[in-house]
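Undergrad: Dumping the structure here so I can ask a few things about it.
There are 4 protein chains.
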Amino acid sequence: MIFSSDNYSPVPQQVMDALAEANNGYQPSYGEDSQMKKVRHLMQTIFEAPDAAVYLVATGTAANSLALSTLCEPWQTIFCSPVSHIHEDECNAPEFFSGAKLTLVGDSDKINPTELRKSIQAEESRGVHGPQRGPVSITQITEKGQVYTLSEINEITRIAREFKLPVHMDGARFANALVSLDCTAAEMTWKSGIDVVSFGGTKNGLMGVEGVIFFDPEKAWEFELRRKRAAHLFSKHRYLSAQMLAYLENDLWIELASKANKAASLLIEGLRNIEKVDFLVEPKANLIFVTMPAYMHRKAFEKGLEYYTWSEIEGVSDDTPVVSRFVVDWSRSLSDIDKFLEIMRNAAKKEI
Amino acid sequence: MIFSSDNYSPVPQQVMDALAEANNGYQPSYGEDSQMKKVRHLMQTIFEAPDAAVYLVATGTAANSLALSTLCEPWQTIFCSPVSHIHEDECNAPEFFSGAKLTLVGDSDKINPTELRKSIQAEESRGVHGPQRGPVSITQITEKGQVYTLSEINEITRIAREFKLPVHMDGARFANALVSLDCTAAEMTWKSGIDVVSFGGTKNGLMGVEGVIFFDPEKAWEFELRRKRAAHLFSKHRYLSAQMLAYLENDLWIELASKANKAASLLIEGLRNIEKVDFLVEPKANLIFVTMPAYMHRKAFEKGLEYYTWSEIEGVSDDTPVVSRFVVDWSRSLSDIDKFLEIMRNAAKKEI
Amino acid sequence: MIFSSDNYSPVPQQVMDALAEANNGYQPSYGEDSQMKKVRHLMQTIFEAPDAAVYLVATGTAANSLALSTLCEPWQTIFCSPVSHIHEDECNAPEFFSGAKLTLVGDSDKINPTELRKSIQAEESRGVHGPQRGPVSITQITEKGQVYTLSEINEITRIAREFKLPVHMDGARFANALVSLDCTAAEMTWKSGIDVVSFGGTKNGLMGVEGVIFFDPEKAWEFELRRKRAAHLFSKHRYLSAQMLAYLENDLWIELASKANKAASLLIEGLRNIEKVDFLVEPKANLIFVTMPAYMHRKAFEKGLEYYTWSEIEGVSDDTPVVSRFVVDWSRSLSDIDKFLEIMRNAAKKEI
Amino acid sequence: MIFSSDNYSPVPQQVMDALAEANNGYQPSYGEDSQMKKVRHLMQTIFEAPDAAVYLVATGTAANSLALSTLCEPWQTIFCSPVSHIHEDECNAPEFFSGAKLTLVGDSDKINPTELRKSIQAEESRGVHGPQRGPVSITQITEKGQVYTLSEINEITRIAREFKLPVHMDGARFANALVSLDCTAAEMTWKSGIDVVSFGGTKNGLMGVEGVIFFDPEKAWEFELRRKRAAHLFSKHRYLSAQMLAYLENDLWIELASKANKAASLLIEGLRNIEKVDFLVEPKANLIFVTMPAYMHRKAFEKGLEYYTWSEIEGVSDDTPVVSRFVVDWSRSLSDIDKFLEIMRNAAKKEI
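As they're listed, the protein sequences go chains A, B, C and D.
First residue of the first sequence? That's 147 in the working numbering, and the numbers climb one at a time after it.
First residue of the second sequence? That's 147 in the working numbering, and the numbers climb one at a time after it.
First residue of the third sequence? That's 147 in the working numbering, and the numbers climb one at a time after it.
First residue of the fourth sequence? That's 147 in the working numbering, and the numbers climb one at a time after it.
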């Protein structure tokens, strides 16, 4: 049973059906398809942002890198967390697309406002010599499974705005965050001062479709040129549109994220009752980080669980604490969770 | 009836079925899926190249730009035709990915060996001052619908090799060329001196999947890093793999291209019998360029045909010659061709 | 006797004196030196442009590449002559700094207005697919020694402005052109529609100092950041300023160019009387291109003349026409010219 | 009296004389001058490295950025100190030239071996997703005025070599470090495992000339292309060569640095006896960082001293500790030091 990544999961039947339907007949290429018009409209409605520019790309890294490059200049620096995906997991793509560098704020997954202010103030103190201040990027939910509250987002964007810096939200797990906060998409974004969102679809049920939403459409054309120049404009774009349309229609995206978060919360509850399991941070959505003794991992793996650990479990003593990540995606049934917990409860019993 | 672009066409049922099958259960991400292993093996078999490095990306521009950037250095120049896709239709993507510039060889879609030699010799005559010689890139079938014969490919690669330059083939319509030449994939590529191929799938029946094949795997790891850094590595990679697998299995790709070329040849034959229609170049596959008087285009559009013209047809005199492009994709039925020709025959009759 | 390049020449005593004077005491770094204030003011006065932003860099390639990158976006194309220095002799520096590509207009050193319009119109006809229209760059005097007249410059800039494109002048030999046209610096630039000038100093008597002048200072700060990021901001900037100051004061720059052009015109006159010498184009300043039979070159070289030929002179028959370039720099005495001509007149006599 | 920066200082008479001498007659351009041959030979002799590739550029940022870009790939990360010049003071130039990112090691100016190992190990743990390991760069003397001992350099290069990473030394103040360590240039570089050096001349008496030395000449040609493409190859290169030649001949560079270090050590000694002055780190060469109460700075400025403070001295209470930097360049006389110290001793007396 795999809890390694939401990237390992399939897509729901509605998406398959939408693809089948979209496959009938001919459609203009490069985003001129009729489905994209609907996606744009629906996204604007959901975000209560009738002027927003809405685009689709196929990878989260493309969404982030293209969005950020549109927000900044190559002599600037992007403020982000040291564990942010854009810093750790995109092989210099944000730097490649933007030319800018990244300034790592604090040492946590959630950016602390005081540290953000300090980091921003530390730049542009050397005239033309240091990098200039660029956009702030936060990840919602964070790479460690935490969720910024609306007031936390507001505090960060208020600081950015003081320095006239735009704010980007890496929403690879946007839906899971929204469900966790139980607020509207507008509230979690532009109403809280966010300028551009990478609106993740892939991890929550699509094959490889991400939205990029600019609440101010001023830079829309620049984004289109950047997307094409980076080879991220699809000729048969309708197959991206159709998936995103199915995702947005009838609140499927919310339904999928609710299912994932619900299953995750059962998993969390269950783990909380196993003595040897400690949470690295308090999980708020479908990403769970725990510390457990090495022997528990070994037993769990033996029983067929699959997930990532942050360090080796072989060749260490039984009680060595080892961090692991469990990801609960939309496709997990509640009986999967039960089985997972049973295995873990048994694994906790060292003697067995 | 749309003859505008093979990018407007749907995908065949086999591809839909393959997606449905691939959607069952969980699969490792980022190219570690089981389908990719099969794709790699099948591609190596088809190309009789057991050591070839095989990768998938989602757009033709990505395939070309990543392949070329792996073959060259940013102080070099890439030799290509002035109507090549990499020069005209990729919004500086090859330059963005590689840093190199493009040297336009001659003035035709097919690169002429004499002009290629002249272009190559003209560089590196100025030491460090001019750009250095880089890869040669040819498009098969060309952007004007012509096909390089095996001996033509050999002549070009022989010249490149004299100067120790690698050769890339933009095979956005690779299958159509192969069917046209009636040779093997190996013969059209490495046996004729090609080093790297962009193996098009999208225009011939996939949703957005292209192969990149390095016959010498030496730069495979560099390609993987470049792909990731350019945000073209898919997390749910299995959906690319599954499509390509269906495309390769049972020679579906050959079947689709044969169908397209066959329908195109009927269209060509029919057009040849219409007095007012002149072929811009002799078409060899499924791309057809003709010159017709403006009034014919106007009448054809009135009757519901859709295709691109190279200049305005409104506001010009009836007899103004206007170039147009007809693309016949795999999904065209023979009765579509009949209808197209009937409309054109009627359109030719000026008086009506 | 060397007529190979104006880059081989020394600098006049006034520049040496200025360096010596500037070497007294301490001066703020990075362009804050007192000499730079004077340079800025003097340049604004000379160009009758009190708001112009004025900067110094040390190489012509830096001046051109930084200026052009400030004028364009990486998805654009720069319109220039196929023999322009930015295309042929800067090892992809303009592409490196700007990300843009170059579109070669026509086949001459002087851009023809009709061909320019055609080239501009040919871009942006493919939406996001092709490169977007970017700046026009002309070289004054051209790489072949011709000079754009004021009305020619005006015609080019008028076309550019129709398409809202800025115009850059590569003035590596700005002074020689100005002397040739006998007009004001303002007339040859902003009064004729030029937006930015690379104001060459190096070829006309400095050690390595070039001005970059933006008549509209709007992008001044961007230029400063680009200059620093490209490592072209000098810490001990005073040594650039002092040279440029000496160059501008008392019209030294005009005096030097007048001397060079005068000597060149004597050379041209003398060559015109040698039967076997043909001018490639009619020279207007201090760059002279001629065709002569190979044996003449061989004899001239034997007698100690040094200059570049465009093809090999060894191993070809005596009468093979071979193109050569003679550059007459500011330091050439009239007796040098006499000696040069005497050698050539003798060389022309085949039998000797 | 200015102690703000060694970039404010003049150049010694020997350099002026060398320029005057170099100004006689004509010389081939772009590094083919006769002086450069001597520079290359002398540098190879000084470094006991007969095969070393030796180049000149005009700014320290160019030396660093070109050297580092030659050592790495754009998907790598460069390991450096968080206060390194390449990170803080080059406006993203290293990123621009190399495409790579920077990983900040520890929190000190001197890289700690344990932290270096940890930083290196933390990369390449995520396959293609994170940046790949690239070169290590250390600054000698550091930006805070410390000097790596030979054994410290050896320890760092040994770790780098374990991971097959090259090591670059930013030697903007190379001579000051060498004098401080009293060792040979070879010992401080390749004998201690350094691969490439930015050999600073500007801060120690040149107008703007820096060497770049590759002990292994394998990448020499790549460096030459990178230098040209970055617009850092000088046409009238002899004026760089002549300066560097004067600098190297008769050990002038050592003499100048000895003078600077000697004067600095007197300054340090004097400051040590002023009660209110605390050293931020123990100074080892000609860069001195101290903490003093705000009122002392105010009084020193009133008396005409000039230097940088790290925070505002106006609007803070008298006793607020404020960090400042004193730079002692080669041109400082011992009587300047006496005057400086007298002012400081008086400034220390709060009541006055």
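A virtual CB, placed ideally from N, CA and C, is assigned to each residue, including glycine.
Note that the coordinates shown come from a computational prediction; the quantities given were computed from them, not determined experimentally.
1) Out of Ser470/A, Ala446/A, Gly291/A, Leu487/A, which one is the CA nearest neighbour of Ser457/A?
2) Name, in chain order, the residues that DSSP records as bridge partners for Ala199/A.
3) Name, going along the chain, the residues of the segment 206 to 238 of chain A whose beta-carbon falls closer than 8 angstroms to a beta-carbon of chain C.
4) Establish whether the CB of Lys374/A and some CB of chain C are separated by less than 9 angstroms.
5) With a cut-off of 8 angstroms on the beta carbons, I'd call Ala239/C and Ala377/D a contact; round off their distance for me.
6) For Asn432/D, count neighbouring C-beta atoms within 10 Å of its own C-beta (all shown protein chains included) and say buried if the count is 16 or more, exposed if not.
7) In whole angstroms, what is the alpha-carbon distance linking Ala409/D and Pro228/A?
8) Less than 9 angstroms between the C-beta atoms of Ala318/A and Gly346/A, yes or no?
9) Measuring only the C-alpha atoms, how far is Gly280/B from Thr223/B?
10) Using the beta-carbon count (16 or more within 10 Å), is Gln267/D buried or exposed?
11) Glu370/B versus chain D: which residues are under 8 angstroms apart at the beta carbon?
12) So with CB distances below 7 angstroms, who are the chain D contacts of Gly280/A?
13) Go ahead and pull the three-state DSSP assignment for Phe472/A.
14) Between the segment 332 to 362 of chain A and chain B, which residues of the former have a C-beta closer than 7 angstroms to a C-beta of the latter?
15) Ordered along the chain, which non-local residues of its own chain (more than five positions away) have a Cβ less than 7 angstroms from that of Asn407/A?
16) State the DSSP-derived secondary structure class of Lys310/D, mapped to helix, strand or coil.
17) Does any C-beta atom of chain C lie closer than 9 angstroms to the C-beta of Leu480/A?
18) Tell me the rounded alpha-carbon separation between Ser411/B and Thr205/B.
19) Rank Phe472/C, Glu401/C, Tyr441/C by C-alpha distance to the C-alpha of Leu426/C and give the top, closest one.
20) Can you pull the chain A residues whose beta carbon is under 8 angstroms from the beta carbon of Phe242/D, in chain order?
21) Let's test the definition: count the other Cβ atoms within 10 Å of the Cβ of Gly357/C and tell me whether it reaches 16, buried, or not, exposed.
22) Under 8 angstroms: do the segment 205 to 221 of chain A and the segment 184 to 198 of chain B share three or more Cβ pairs, one atom per stretch?
23) For chain D, find out if any of its Cβ atoms is closer than 9 angstroms to the Cβ of Val203/C; answer yes or no.
24) Using CA atoms only, rank isn't needed, just tell me which of Glu368/B, Thr285/B, Glu415/B, Val185/B is closest to Ile340/B.
25) Note down, in chain order, all residues in the segment 163 to 186 of chain D with a beta-carbon under 8 angstroms from any beta-carbon belonging to chain C.
26) Helix or strand or just coil, what does DSSP make of Thr348/B?
27) Which of the three DSSP states, helix, strand or coil, is assigned to Thr303/D?
28) At what residue ranges does the segment 426 to 457 of chain B contain a whole run of the beta strand (DSSP E), taking only runs of 3 or more?
29) List the whole-angstrom C-beta distance separating Ala440/B from Ser404/B, where the pair is believed to meet the contact cut-off of C-beta under 8 angstroms.
30) Going by DSSP, what residue range makes up the beta strand (DSSP E) through Lys382/C?
31) I want to see whether chain C comes within less than 9 angstroms of Asn93/D, judged by CB atoms only; does it?
32) Which residue or residues does DSSP assign as beta-bridge partners of Arg279/B?
33) Does chain A have any CB closer than 9 angstroms to the CB of Leu417/D?
34) Do you know whose CA, among Pro429/D, Phe435/D, Ile434/D, Ile459/D, lies nearest His443/D's CA?
35) Please name the residues in the segment 378 to 394 of chain B whose beta-carbon is closer than 8 angstroms to at least one beta-carbon of chain D, in chain order.
36) Please confirm whether Glu241/A and Gly276/D have their CB atoms less than 9 angstroms apart.
TA: Reading off the structure:
1) Within the first sequence, numbered from 1, the residue matching residue 457/A stands at position 311. Checking every option, the nearest Cα to that of Ser457/A belongs to Ser470/A.
2) Position 53 of the first sequence holds residue 199/A. According to DSSP, Ala199/A bridges with Phe360/A.
3) Within the segment 206 to 238 of chain A, the residues whose Cβ lies closer than 8 angstroms to any Cβ of chain C are, in chain order, Glu219, Pro220, Trp221.
4) Here residue 374/A is taken as the residue at index 228 of the first sequence, counted from 1. With 9 angstroms as the cut-off, Lys374/A counts as an interface residue toward chain C.
5) The residue given as residue 239/C occupies position 93 in the third sequence. The residue given as residue 377/D occupies position 231 in the fourth sequence. Indeed they touch by this definition, with Cβ atoms about 5 angstroms apart.
6) The residue labelled residue 432/D in the question sits at position 286 within the fourth sequence. Buried, by the Cβ-count rule.
7) Within the fourth sequence, the letter at position 263 stands for residue 409/D. Within the first sequence, the letter at position 82 stands for residue 228/A. Distance between the alpha carbons of Ala409/D and Pro228/A is about 43 angstroms.
8) Counting from one through the first sequence, the residue named residue 318/A turns up at place 172. Counting from one through the first sequence, the residue named residue 346/A turns up at place 200. Their beta carbons are under 9 angstroms apart, which means Ala318/A touches Gly346/A by this criterion.
9) For this step, residue 280/B is matched to residue 134 along the second sequence. For this step, residue 223/B is matched to residue 77 along the second sequence. Rounded to whole angstroms, Gly280/B to Thr223/B spans 5 angstroms at the Cα level.
10) Residue mapping note: residue 267/D aligns to position 121 of the fourth sequence, counting from 1. Exposure of Gln267/D is indicated by the presence of fewer than 16 other C-beta atoms within 10 angstroms of its C-beta.
11) Working through the second sequence from its first residue, we reach residue 370/B at position 224. Chain D residues near Glu370/B: Val274.
12) Here residue 280/A refers to the residue found at position 134 of the first sequence. Near Gly280/A there are no residues of chain D at all, since even the closest Cβ is about 10 angstroms away, more than 7 angstroms.
13) Within the first sequence, the letter at position 326 stands for residue 472/A. Phe472/A falls in the strand class under three-state DSSP.
14) Thr348, Met353, Gly354
15) Locating residue 407/A in the first sequence gives position 261, counting from the first residue. Only Asn322, Val325, Ser326, Ala431, Asn432 meet the Cβ criterion.
16) Indexing the fourth sequence from 1 puts residue 310/D at position 164. Lys310/D: coil per DSSP, three-state reduction.
17) Locating residue 480/A in the first sequence gives position 334, where the first residue counts as 1. Judged by the 9 angstroms Cβ criterion, Leu480/A is not in contact with chain C.
18) For the purposes of this step, residue 411/B is identified with residue 265 of the second sequence, where counting begins at 1. For the purposes of this step, residue 205/B is identified with residue 59 of the second sequence, where counting begins at 1. Straight-line Cα distance between these residues: approximately 27 angstroms.
19) On the third sequence, position 280 is the one that residue 426/C refers to. Proximity to Leu426/C across Phe472/C, Glu401/C, Tyr441/C peaks at Phe472/C, based on C-alpha coordinates.
20) Stepping through the fourth sequence from its first residue, residue 242/D is reached at position 96. Neighbours of Phe242/D on chain A, chain order: Pro220, Gly245.
21) For the purposes of this step, residue 357/C is identified with residue 211 of the third sequence, where counting begins at 1. By the neighbour-count rule (16 or more Cβ atoms within 10 Å), Gly357/C is buried.
22) no
23) Along the third sequence, one-based indexing puts residue 203/C at 57. So, interface residue.
24) Taking the first residue of the second sequence as position 1, residue 340/B is located at position 194. Looking at the Cα atoms, Thr285/B is the closest of the given residues.
25) Leu165, Ala166, Asn169, Asn170, Gly171, Tyr172, Gln173, Pro174, Ser175, Tyr176
26) Residue mapping note: residue 348/B aligns to position 202 of the second sequence, counting from 1. Here Thr348/B sits in helix by DSSP.
27) Translated into the one-based positions of the fourth sequence, residue 303/D becomes position 157. Helix.
28) 433 to 439
29) Taking the second sequence and counting its residues from 1, one reaches residue 440/B at position 294. Taking the second sequence and counting its residues from 1, one reaches residue 404/B at position 258. Actually they are not in contact, since the Cβ atoms of Ala440/B and Ser404/B sit about 34 angstroms apart, beyond 8 angstroms.
30) On the third sequence, position 236 is the one that residue 382/C refers to. No beta strand (DSSP E) holds Lys382/C; DSSP gives it neither H nor E.
31) The requested residue 93/D does not occur in the structure, where chain D is confined to residues 147 to 498.
32) Locating residue 279/B in the second sequence gives position 133, counting from the first residue. Paired residues: Thr223/B.
33) Counting from 1 along the fourth sequence, the entry for residue 417/D is found at position 271. No, its Cβ sits nowhere closer than 9 angstroms to a Cβ of chain A.
34) Mapped onto the fourth sequence, residue 443/D falls at position 297. The shortest C-alpha separation from His443/D is found at Ile459/D.
35) Leu379
36) Within the first sequence, the letter at position 95 stands for residue 241/A. Within the fourth sequence, the letter at position 130 stands for residue 276/D. No, Cβ-Cβ distance for Glu241/A and Gly276/D is not below 9 angstroms.
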